[in-house]
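**Student:**
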Amino acid sequence: MGSKSPERDGQKGQENANDPVEASSGGMPRGEHLATDGDGTLGDSDEGDDDEANSAALTNQTTNGNSQKKRKRPKKKSKKKANKQSSPPRVPLSQLFPQGKYPTGQIQNYQVDVDNTSRTTAEEIRYLSRRHLEDDAFLNDYRKAAEIHRQVRKWTQESVKPGQTLTDIAVEIEDGVRALLGNAGLEPGDSLKAGMGFPTGLSLNNCVAHFTPNPGQKEIILQSKDVMKVDFGVHINGWIVDSAFTMSFDPVYDNLLAAVKDATNTGIKNAGIDVRISDVSAAIQEAMESYEVEIGQKTYPVKAVRSLSGHDIKQYRIHGGKSIPFIKNSDQTKMEEGEVFAIETFGSTGRGYLHDGVGVYGYGKSYNAPARVSLPLASARSLYKTINENFGTIVFCRRYLDRLGIDRYLAGMNSLVSQGIVDVYEPLLDVKGSYSAQYEHTILLRESNKEIISRGDDY
Ligand SMILES: [Co+2]
């Protein structure tokens with residue numbers, strides 16, 4: 001999920017003063033991509049049939065019995081153990097990994113040796129954070145969430161086609177994530193244990209980020225000329241795997257996608273302990289803007305989007321407070337050991353400046369909202385209780401409320417928003433007629449190396 005850049009990075013006045021496009025070489029893709037090894041479970045062929053997978057889901061149910069009640073039942077029983085994910089994905093991950101040990105992400109070494117004497121962080125904080133990312137149970141849970149992301153997106157990449165509605169696509173992704181977690185998230189508190197990390201983003205073309213289909217609104221049907229950013233999160237105990245990719249069905253956009261993929265991988269490569277954010281941003285922009293894309297006989301430079309940033313991730317907090325723009329800047333803030341970052345980039349054939357679109361993407365309880373608030377409106381009070389029980393500070397959308405059976409909440413929501421208790425997220429758009437792409441991975445800055453926990457053989 002993209003983090004809106006702080007105002008200083010989104011100032012319109014900067015556009016001409018420092019237009020990086022002028023300086024770009026505009027040449028061919030540099031084509032420098034990282035190896036995507038380190039993921040032994042990827043690339044399985046889909047030879048297992050659905051019956052087999054579903055049968056195992058019956059015979060070896062572990063995590064949460066309730067979550068399975070509404071699922072389609074298999075026709076016949078078999079003692080055979082599933083070792084393949086079904087399509088659509090419905091086999092809980094705990095059954096695919098009976099040992100309970102989940103695959104490690106891609107390991108990358110830091111580019112420069114980490115000099116311990118130059119650390120600015122307090123010794124005590126370093127010690128605590130280091131321990132955190134070196135804790136086996138924590139890592140295993142985080143890797144499980146990442147493997148669920150890989151399996152659900154594999155299905156998305158193989159199955160989503162033009163002609164489907166965005167609602168169907170979003171619901172399939174979300175049902176898949178919840179099934180693989182073994183947690184339907186329908187009982188109070190369940191979605192706080194594990195679930196969606198934020199509203200599934202399905203943003204088309206000049207809508208760069210933060211679009212999700214809302215109930216009761218006109219259905220949008222995916223078209224063969226669309227460029228769709230698919231951005232979804234999986235969390236376990238509030239630790240969110242935030243990862244995104246772009247789908248298109250027309251090779252005309254290939255260079256746009258390649259530019260953004262390269263930019264994100266460049267950001268990942270440059271990230272590290274004690275690395276300045278300004279250095280990561282500069283590398284990202286240079287990679288991104290070395291590409292151009294030809295659409296309808298017109299050549300467009302790929303522009304790095306100014307209004308969004310990568311970000312650190314904290315527990316139950318998708319945007320932890322640090323931002324990594326995709327544009328050169330002078331931010332001397334350093335990345336630190338023990339931190340988790342969502343390294344994401346967005347490129348656009350438009351202006352690279354975004355404005356808020358009509359409608360709502362999601363809502364999130366403000367990080368500094370008080371635990372107890374006095375609300376005059378009964379509907380606001382009960383909605384606040386629902387939010388605290390089900391989401392805490394996890395960003396959610398209207399569909400997530402609907403499936404809990406909550407209705408007529410808009411007046412209550414408006415009251416919470418006007419009091420600053422809940423923040424609203426709007427769709428973010430570039431100019432009409434432009435196209436944009438996004439790639440994103442979650443990385444862990446561990447003591448001895450960085451782990452790109454969401455890396456797959458796809459991106
Ligand atoms: Co993100």
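Take the sequence shown: its position 417, counted from the start at 1, is 417 in the UniProt record's numbering, and no numbers get skipped. The C-beta atom is built at its ideal place from N, Cα and C for all residues, glycine as well.
1) Say yes only if the C-beta of A342 is nearer than 6 Å to one or more non-hydrogen atoms of ligand 1, and no if none qualify.
2) Does the distance between the C-beta of D242 and the nearest non-hydrogen atom of ligand 1 fall short of 6 Å?
3) Check whether the Cβ of M288 sits closer than 6 Å to any heavy atom of ligand 1, and report yes or no.
4) In terms of alpha-carbon separation, which member of S436, R403, D430, T386 lies closest to M413?
5) With C-beta atoms as the reference, is M224 less than 7 Å away from F211?
6) For N83 and D457, what's the separation of their Cα atoms in angstroms?
7) For the alpha helix (DSSP H) containing A145, name the first residue and the last one.
8) Please check the pair L133 and G310, which I expect to be a contact at CB under 8 Å, by giving their CB distance rounded to whole angstroms.
9) What's the gap between the Cα of A371 and the Cα of V112?
10) So does the region 335 to 351 actually touch the region 252 to 263, counting three or more Cβ pairs closer than 8 Å?
11) What span of residues does the alpha helix (DSSP H) with E337 cover, start to end?
12) Take P251 and list the residues in its own chain whose beta-carbon comes closer than 8 Å to its own, dropping the five residues that flank it on each side.
13) Which word fits K229, buried or exposed, when buried means at least 16 other C-beta atoms lie within 10 angstroms of its C-beta?
14) Give me the Cα-Cα distance between D402 and V275, rounded to the nearest whole angstrom.
15) Beta carbon of R328, beta carbon of G320: below 7 Å?
16) Which residue spans inside the region 243 to 323 form an unbroken alpha helix (DSSP H) run of at least 4?
17) Is the Cβ of G163 closer than 7 Å to any Cβ of chain D?
18) With a threshold of 16 other CB atoms inside 10 Å of the CB of V340, please say whether the residue is buried or exposed.
19) When DSSP builds the beta bridges, which residues end up paired with H235?
**Tutor:** Once the coordinates are examined:
1) If you check the C-beta of A342 against ligand 1, you find a heavy atom less than 6 Å away.
2) Under cutoff, so the answer is yes.
3) M288 Cβ: outside cutoff for every heavy atom of ligand 1.
4) It is T386 whose Cα lies nearest to the Cα of M413.
5) Checking the sequence, you will find Ser at residue 224 rather than Met. No, Cβ-Cβ distance for S224 and F211 is not below 7 Å.
6) Straight-line spacing of the CA atoms in N83 and D457 works out to 19 Å.
7) Note, A145: alpha helix (DSSP H), 136 to 159.
8) Under the criterion of beta carbons closer than 8 Å, L133 and G310 do not qualify as touching, at roughly 18 Å.
9) Separation of A371 and V112 (C-alpha to C-alpha, rounded to the nearest whole angstrom) is 43 Å.
10) They touch, by the three-pair rule.
11) Unbroken run through E337: none, as it is neither H nor E.
12) Excluding positions up to five away in sequence, the list is empty.
13) Buried is the call here.
14) In a straight line, the C-alpha of D402 is about 43 Å away from that of V275.
15) First, the amino acid is wrong: residue 328 is Lys here, not Arg. For K328 and G320, no; Cβs fall outside 7 Å.
16) Complete alpha helix (DSSP H) runs here, min 4: 254 to 270, 277 to 288.
17) Here there is only one protein chain, and chain D is not present.
18) So V340 counts as buried.
19) Residue pairing for H235: DSSP places it in a beta bridge opposite G195, I240.
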